[in-house]
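Asks: One structure coming up, written as structure tokens, with questions to follow.
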Amino acid sequence: MSEEQVRSLEKQFDERIERDEKIEPKDWMPEKYRKTHIRQMSQHAHSEIVGMLPEGNWITRAPSLRRKVALLAKVQDEAGHGLYLYSATETLGISREEMYEQLHTGKAKYSSIFNYPTVTWADMGTVGWLVDGAAIINQVPLCSTSFGPYARAMVRVCKEESFHQRQGYEIMLKLCKGTPEQKDMAQDALNRWWWPSLMMLGPTDAESVHTEQSMKWKLKRKSNDELRQQFIDQTVPQADILGLSIPDKDLKWNEERQSYDFGEINWDEFWQVVKGHGPMNKERIKARVNAWEGGEWVRDAAMAYASKNQERKEKQAV
Ligand code: BYC
């Protein structure tokens with residue numbers, strides 16, 4: 001294809017984005033658009049799958065049958081989200097095996113938040129309330145992202161995230177209305193999860209290398225800092241209802257901005273975790289690699305069964 005032809009295709013592509021048309025897998029797209037989507041969507045899929053681990057840790061120890069059923073349903077939803085997102089990413093020409101390989105070798109990232117341990121039952125409440133709360137704020141704009149399969153997958157994901165956030169907040173409400181020990185447990189969990197939840201929304205806009213281009217392509221509809229502010233403004237009143245205090249001495253309502261001012265985020269901690277040095281990074285990857293290797297015989301058996309079936313069909317057709 002000549003340079004002129006490529007320029008003309010690029011112009012048509014930009015105009016489609018401008019008109020808010022959805023880009024579908026078989027449509028022409030710039031190579032960078034395809035690669036950026038593979039990066040973000042596969043990292044999103046990995047986050048869902050790795051995100052099952054901190055909560056999976058509590059399924060056998062949920063304090064009642066009702067809590068166990070809700071937690072089990074939430075973790076299963078996360079597996080579903082991972083699968084829609086892997087399938088949507090495959091439409092861009094990368095295989096599931098390649099994506100897993102990238103996760104297992106540390107080439108692909110997944111959300112920093114899942115590299116922290118879940119040490120008490122209150123962590124299940126806090127993860128649902130804060131982590132799923134931040135996820136909803138980040139993901140609702142993705143329902144109108146420009147790449148069709150991603151946008152459509154996100155509609156269902158967001159509906160399910162809303163249930164996840166409520167199940168977490170309900171756990172927190174119960175603990176905060178319980179004994180002083182239970183309330184302390186809730187406060188302790190909030191103290192540990194607050195700052196990592198703010199980090200989850202990504203580096204500051206000044207540090208974010210992808211935002212500018214992703215906004216142009218309408219992959220991102222809001223910047224990391226905008227989403228973080230929205231999350232804080234939404235969550236502080238929820239903490240007030242629980243009677244918990246946010247562990248930030250600089251948190252203060254700003255009348256002029258009609259928003260909360262907040263303290264300095266420890267970005268050094270964030271980058272350490274992103275680079276693989278968080279409290280649980282090694283354990284999380286080990287769990288995923290073990291699941292992949294342990295499942296090899298199942299994949300082999302399924303392939304052998306499929307090829308025998310195929311052979312049988314071909315013989316019958318003769
Ligand atoms: N953790 O230029 P930036 C869930 C990386 S799962 C690790 O701002 P971008 C849930 C970033 O990848 C939901 N890495 O990037 C599941 C980039 O590095 P690369 C997870 C991070 O893409 C189970 C570099 O830093 N949500 O909700 O414009 C249970 C520079 O960043 C993080 C999604 O995946 C991080 N937190 O913006 C419960 C949503 N932040 O790739 C809940 C989809 C940044 O160049 N993703 N980095 O090596 C997004 O919206 C965007 O990708 C982000 C980052 C806002 C996360």
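Numbering (the UniProt record's numbering), first residue to last: 1 to 318. Glycine is no exception: its CB is placed at the ideal position from the N, C-alpha and C atoms.
(1) Give the secondary structure of W58 by DSSP, where H, G and I count as helix, E and B as strand, and everything else as coil.
(2) So what's S95 in DSSP terms, helix, strand or just coil?
(3) By the three-class DSSP mapping on this structure, what secondary structure does S42 have?
(4) Skipping 5 residues on each side, what residues in its chain have a beta carbon closer than 8 Å to that of P54?
(5) Return yes when the C-beta of E78 is under 6 Å from any heavy atom of the ligand BYC, and no when it is not.
(6) Where do the ends of the alpha helix (DSSP H) carrying D205 lie?
(7) For the ligand BYC, any of its heavy atoms closer than 6 Å to the Cβ of K109?
(8) Is the CB-CB distance between K22 and G148 below 7 Å?
(9) Rank Q102, Q5, Q40 by C-alpha distance to the C-alpha of Q213 and give the top, closest one.
(10) Look at the Cβ atom of F231, then the Cβ atom of A134, and state whether they are nearer than 7 Å.
(11) With 16 as the cutoff for other CB atoms within 10 Å, does M303 come out buried or exposed?
(12) From the DSSP output, read off the bridge partner residues of N254.
(13) Just to confirm before moving on: does the CB-CB distance between L198 and R228 stay below 7 Å?
(14) Using a Cβ distance threshold of 8 Å, determine whether the region 261-275 contacts the region 199-213, with at least three qualifying pairs required.
(15) State the beta-bridge partners of I49 as determined by DSSP.
(16) For L103 and R284, what's the separation of their Cα atoms in angstroms?
(17) Cβ of V274 versus every heavy atom of the ligand BYC: is any distance shorter than 6 Å?
(18) Given a threshold of 16 other Cβ atoms within 10 Å of its Cβ, counted over all protein chains shown, does D77 qualify as buried or as exposed?
(19) Quick one: residues in its chain with C-beta nearer than 6 Å to the C-beta of I137, no 5 flanking neighbours on either side, listed in chain order?
(20) Does the separation of the CB atoms of S112 and V273 fall below 7 Å?
(21) Around the Cβ of Y169, are there at least 16 other Cβ atoms within 10 angstroms (buried) or fewer (exposed)?
(22) Report the rounded CA-to-CA distance for K109 versus P30, giving the unit in angstroms.
(23) Please look up how many angstroms separate the CB atoms of E48 and L85, rounded, as I've assumed it's under 8 Å.
(24) Starting from M280, trace the alpha helix (DSSP H) in both directions and tell me its first and last residue.
(25) Shorter than 6 Å, the distance from the beta carbon of M200 to the closest heavy atom of the ligand BYC, or not?
(26) Cα-Cα, which of H46, W28, L71 is closest to I171?
Replies: Looking at the atomic coordinates:
(1) Locating residue 58 in the sequence shown gives position 58, counting from the first residue. Coil.
(2) Mapped onto the sequence shown, residue 95 falls at position 95. Here S95 sits in coil by DSSP.
(3) The count along the sequence shown starts at 1 and reaches residue 42 at position 42. S42 falls in the helix class under three-state DSSP.
(4) Along the sequence shown, one-based indexing puts residue 54 at 54. Cβ within range, chain order: F114, Y116, P117, T118, D123, V127, M280.
(5) Your numbering for residue 78 matches position 78 in the sequence shown. Yes, Cβ of E78 sits closer than 6 Å to a heavy atom of the ligand BYC.
(6) Numbered from 1 along the sequence shown, position 205 holds the residue referred to as residue 205. Neither: D205 is in no alpha helix (DSSP H) and is coded neither H nor E.
(7) If you number the sequence shown from 1, residue 109 lands on position 109. Yes, Cβ of K109 sits closer than 6 Å to a heavy atom of the ligand BYC.
(8) Taking the first residue of the sequence shown as position 1, residue 22 is located at position 22. Taking the first residue of the sequence shown as position 1, residue 148 is located at position 148. Going by C-beta atoms, K22 is nearer than 7 Å to G148.
(9) Within the sequence shown, the letter at position 213 stands for residue 213. Selected option, being the one with the closest Cα: Q40.
(10) Looking up residue 231 in the sequence shown gives position 231. Looking up residue 134 in the sequence shown gives position 134. Yes.
(11) Within the sequence shown, residue 303 is the residue found at index 303, counting from 1. Exposed, since its Cβ has fewer than 16 Cβ neighbours within 10 Å.
(12) For the purposes of this step, residue 254 is identified with residue 254 of the sequence shown, where counting begins at 1. Answer is S259.
(13) By 1-based counting over the sequence shown, the position of residue 198 is 198. By 1-based counting over the sequence shown, the position of residue 228 is 228. Yes, these two residues count as a Cβ contact at 7 Å.
(14) Enough Cβ pairs lie closer than 8 Å, so yes.
(15) Stepping through the sequence shown from its first residue, residue 49 is reached at position 49. Answer is none; I49 lacks a bridge partner.
(16) Here the question's residue 103 lines up with position 103 in the sequence shown. Here the question's residue 284 lines up with position 284 in the sequence shown. When rounded, the distance between both Cα atoms is 11 Å.
(17) As a first step, residue 274 is located in the sequence shown; it is residue number 274 there, counting from the start. Checking every heavy atom of the ligand BYC against the Cβ of V274, one is found closer than 6 Å.
(18) To locate residue 77, count along the sequence shown from 1; it is residue 77. Around the beta carbon of D77, 16 or more other beta carbons lie within 10 angstroms, which makes this residue buried.
(19) Residue mapping note: residue 137 aligns to position 137 of the sequence shown, counting from 1. Once the five neighbours on either side are set aside, the close Cβ partners of I137 are L227, Q230, F231.
(20) The residue given as residue 112 occupies position 112 in the sequence shown. The residue given as residue 273 occupies position 273 in the sequence shown. Cβ distance < 7 Å, so S112 and V273 count as in contact.
(21) As a first step, residue 169 must be located in the sequence shown, where it is residue number 169. Burial call: buried.
(22) Residue mapping note: residue 109 aligns to position 109 of the sequence shown, counting from 1. Residue mapping note: residue 30 aligns to position 30 of the sequence shown, counting from 1. For K109 and P30, the distance between alpha carbons rounds to 23 Å.
(23) Against the sequence shown, residue 48 aligns to sequence position 48. Against the sequence shown, residue 85 aligns to sequence position 85. Contact holds; Cβ gap of about 6 Å.
(24) As a first step, residue 280 must be located in the sequence shown, where it is residue number 280. It is not in any alpha helix (DSSP H) - M280 carries neither H nor E in the DSSP assignment.
(25) For the purposes of this step, residue 200 is identified with residue 200 of the sequence shown, where counting begins at 1. Yes; taking the cut-off as 6 Å, the Cβ of M200 has a heavy atom of the ligand BYC nearer than that.
(26) Translated into positions along the sequence shown, residue 171 becomes position 171. Per the Cα distances, L71.
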